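Presented below is the structure to which this report refers.
2 protein chains.
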Amino acid sequence: MVGRVAPGQRRATGTPAPSAEPVTARIAVDLLGGDHAPAVVVDGALRAFQDDPSLHLLLVGPYDAADAILAAVDPAQRDRVGMLPMPAVELHPDDVARAALRSVADGLADAVVSAGNTAALVVAAARSVGRWPGVRRPPLAAVLPTVAGRLVLLDVGSAVDPDQDTLVMHARLGAAYAAVVNAVANPRVGLLTIGTERGKGDRLRRALPLRLAEADLPAGARYAGLIEGNDVVSGAPADVVVTDGFTGNVLLKGLETAYATLGPPGGDPASVPPRVAMLLGVAGTIVVCHGAASGGDLADGIAFAARMHRRAAVAAMADLIPHNEVTHE
Amino acid sequence: MVGRVAPGQRRATGTPAPSAEPVTARIAVDLLGGDHAPAVVVDGALRAFQDDPSLHLLLVGPYDAADAILAAVDPAQRDRVGMLPMPAVELHPDDVARAALRSVADGLADAVVSAGNTAALVVAAARSVGRWPGVRRPPLAAVLPTVAGRLVLLDVGSAVDPDQDTLVMHARLGAAYAAVVNAVANPRVGLLTIGTERGKGDRLRRALPLRLAEADLPAGARYAGLIEGNDVVSGAPADVVVTDGFTGNVLLKGLETAYATLGPPGGDPASVPPRVAMLLGVAGTIVVCHGAASGGDLADGIAFAARMHRRAAVAAMADLIPHNEVTHE
């Protein structure tokens, strides 16, 4: 069944994409990821597939969910849908996520999209595609709309008990992501805390400003100082906001829900980025949706993953943060 | 100058207020608290004073700021404004906050309002009016509008590195506050985290659900389980949300700013509670405004403090959480 996946742009991770768009993008989809899987994943995969004639799907998970997609696909388009065989008995969602990640490591797909368990995904990603050197815990980066434009918030759920070194590396990765994905020149990197007086914040954050001010940030980025929750809405003082994965996840889910209810802070619904996060500091394109993601969110995630592949975003970030070899666990 | 403050309802903390409203409320105002003090404090104090003929002000801080208020007051109302003498030389804002808190402990005022440094306020409050037994770190509780109604979020900035015992006590205090201030019967208490699967969350939170399920919660409250950032916007699963002071502060400032920009989640601007927090687990009425509070916020804070005094909110909470003696540090 793997043979159904077109070879597409099977090139090594790290090689820039050709400039002509849209090139084929082969997206591995975790059919069992998320609270409402597989129904919303089937729905999302079909929507993304129909919106993008150059999108190929590699369905990873149980046959019945894959069959629901295959049955809805125009027979003339069947060559754009493949499936990774999985044992049907006692299939754990984390096993499916791991298989989807391996398909990227094995060159069977260009990117993976999953709404599955974040902790399991992050560990499996490090093992399969590998971490960049110096990246202890790959962060999940989300993009939020603000009054002033788009803002990168990281981490939003991977490193829930980070140390200072981890947050400094996240600052570097976030700066590269803002430069590549939001096209921000010389990104301003802020540290999220609860007051800008000296000595404010918790144990983790008190000594971080000095570390961040001295950090080797890529893409001409600079440390822009301490910022607070309100600054993540205004977007005025920073393009990248660094925080631990617990605080970032809570704030992201709060603000995303507020904006979904009330409209985005910039006023233009078209300005709202997809409700997805990208795993940074790994040698592959890995896009994570919320556990509670809808079919529309999954479709957005798949389209986003295809866009990241076509723009060779991972290779572009790797160029900004030089490293010699990838660490496999 | 102290004599200018009318004796008002000088009764022991813990005694319920008489039912007739409005009774006199004597509010000590920290003139040097906040980023924009004393200008916004002067503005806010005058607004609150003019809105409430039964409000008495005890101005604590430098004479020039107090004089700006005294000059604007109708001479016929001068007996409603008093001032605590402070040395004018090398006056540190934290000293002013401490003096304002002492005025409550000494029975010169019924409540205090400050936009000063949170950490200094919490420590000074514990020393002056005293903590309730078992309260290691008094939490700051804020009330947020939600789609479903009002929600108590705590802690929002006092206990930034709490232990589990502290969060269990905060759950009890938050339940009492929701019952007394939001008139919620049998409040549902949720623990803020980043996913509802077992084992999600950081080190601090992983073992807390069991502790909260077994906790002796007041006012018929019950533990309602794990909730996420989105639930703080919908308000559907909980009336009280417990979290550490770092996460709570970031989320509060993010959501308050989103609602100030986009309108409240319930749609009715009149439903928005004042942007203030109340210090719980202490034997006095202590209201804290944001460091960046406006004159309007300060006026709201003073009016809120007067309301809490008139409703004898602290005594009502103490009745719900029985204790024998107050701990002074």
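These protein sequence lines are chains B and V, in that order. Each step along the first sequence adds one to the number in my numbering, with nothing skipped, and position 38 is 38. Numbers in my numbering are just positions in the second sequence, counted from 1, shifted up by 1000. Positions of the beta carbon are idealized from the N, C-alpha and C atoms, including for glycine. Nothing here was measured: the structure is a model prediction, and the numbers come from that model.
| field | Neighbour-count burial assignment, Ala207(B), 16 or more Cβ in a 10 Å radius | value | exposed
| request: Indicate whether Leu279(B) and Val288(B) have their beta-carbon atoms separated by less than 8 Å. | output: Taking 8 Å as the cut-off, the Cβ atoms of Leu279(B) and Val288(B) count as close.
| request: Say whether chain V places a C-beta atom closer than 8 Å to the C-beta of Asp268(B). | output: no
| Beta carbon proximity, Arg26(B) to chain V, threshold 8 Å | no
| said: Just to confirm, is the Cβ distance from Ala129(B) to Ala100(B) under 8 Å? | reply: Before going on, a small fix: residue 129(B) reads as Val here, not Ala. Going by C-beta atoms, Val129(B) is not nearer than 8 Å to Ala100(B).
| query | What do you get for Pro1007(V), buried or exposed, if any count of 16 or more other CB atoms within 10 angstroms of its CB means buried? | reply | Residue placement at Pro1007(V) cannot be trusted, given a pLDDT of 37 that sits under 50; what the coordinates show is reported in the next sentence. Result: exposed.
| field | Proximity below 8 Å, CB of Pro218(B) to CB of Ile302(B) | value | no
| query | Should Glu228(B) be labelled buried (16 or more other beta-carbon atoms within 10 Å of its own) or exposed? | reply | buried
| CB of Leu151(B) within 8 Å of CB of Gly235(B), strictly | yes
| query | Quick check: the segment 1117-1134 of chain V against the segment 171-181 of chain B, are there 3 or more CB pairs under 8 Å? | reply | no
| query | By Cβ distance, which residues of its chain are closer than 8 Å to Leu1091(V), with the 5 residues on each side in sequence left out? | reply | Leu1032, Gly1061, Pro1062
| query | Can you tell which of Asp1300(V), Leu1212(V), Gly1195(V), Val1282(V) has the C-alpha that lies nearest to the C-alpha of Ala1313(V)? | reply | Val1282(V)
| query | Whose C-alpha, out of Pro1038(V), Val1073(V), Arg1080(V), is nearest the C-alpha of Ala1065(V)? | reply | Pro1038(V)
| So with Cβ pairs under 8 Å, would you call Val1288(V) a contact of chain B? | no
| query | Pro269(B) lies in the beta strand (DSSP E); which residues open and close that run? | reply | Note, Pro269(B): premise wrong, no beta strand (DSSP E); not H, not E.
| message | With DSSP as the reference, identify every bridge partner of Met1317(V), one or two as the case may be. | response | Under DSSP, no beta-bridge partner is assigned to Met1317(V).
| field | For Arg1150(V), the first and last residue of its enclosing alpha helix (DSSP H) | value | No alpha helix (DSSP H) contains Arg1150(V), which is instead part of the beta strand (DSSP E) from 1150-1154.
| Is Arg4(B) helix, strand or coil by DSSP? | Because Arg4(B) carries a pLDDT of 36, less than 50, the predicted location of this residue cannot be relied on, and no value is offered for it.
| task | Could you give the DSSP three-state label for Ile194(B): helix, strand or coil? | result | coil
| field | Cβ pair Ala1120(V), Asp1094(V) closer than 8 Å | value | Less than 8 Å divides the Cβ of Ala1120(V) from the Cβ of Asp1094(V).
| message | Suppose contacts are defined by Cβ-Cβ distances below 8 Å. Is Arg211(B) in contact with Asn186(B) by that definition? | response | no
| query | Asp1051(V) by DSSP, collapsed to three states: which one? | reply | helix
| request: Mark His309(B) as exposed unless 16 or more other C-beta atoms lie within 10 angstroms of its C-beta, in which case mark it buried. | output: buried
| task | Would you list, in chain order, the members of the segment 1193-1225 of chain V that have their beta-carbon closer than 9 Å to a beta-carbon of chain B? | result | Thr1193, Ile1194, Gly1195, Thr1196, Glu1197, Gly1199, Lys1200, Gly1201, Asp1202, Arg1203, Leu1204, Arg1205
| query | Using the C-alpha atoms, what's the distance from Phe1049(V) back to Val1073(V)? | reply | 9 Å
| request: Mind checking who Thr146(B) pairs with in its DSSP beta bridge? | output: Gly149(B)
| query | Which residues of chain B have a Cβ atom closer than 9 Å to the Cβ of Asp1161(V), listed in chain order? | reply | Asp202, Arg203, Leu204
| Within the 8 Å Cβ cut-off, does Phe1049(V) reach chain B? | no
| task | Could you check how far apart the C-beta atoms of Phe246(B) and Thr1247(V) are, in whole angstroms? I think they sit under 8 Å. | result | 7 Å
| field | Three-state secondary structure (DSSP) of Thr1257(V) | value | helix
| Run through DSSP, which three-state label would Asp161(B) get? | coil
| message | For a test of the three-state rule: what should DSSP assign to Ala1141(V), helix, strand or coil? | response | Taken through DSSP and simplified to helix, strand or coil, Ala1141(V) comes out as strand.
| DSSP three-state call for Gly1014(V): helix, strand or coil? | Caution applies to Gly1014(V), whose pLDDT of 45 falls short of 50 and renders its modelled position unreliable; the value that the coordinates give is listed next. The answer is coil: DSSP assigns Gly1014(V) none of H, G, I, E or B.
| Do Leu1154(V) and Gly1190(V) have their C-beta atoms within less than 8 Å of each other? | Going by C-beta atoms, Leu1154(V) is not nearer than 8 Å to Gly1190(V).
| Between Ala1293(V) and Ala1305(V), what straight-line distance do the alpha-carbon atoms span, to the nearest angstrom? | 15 Å
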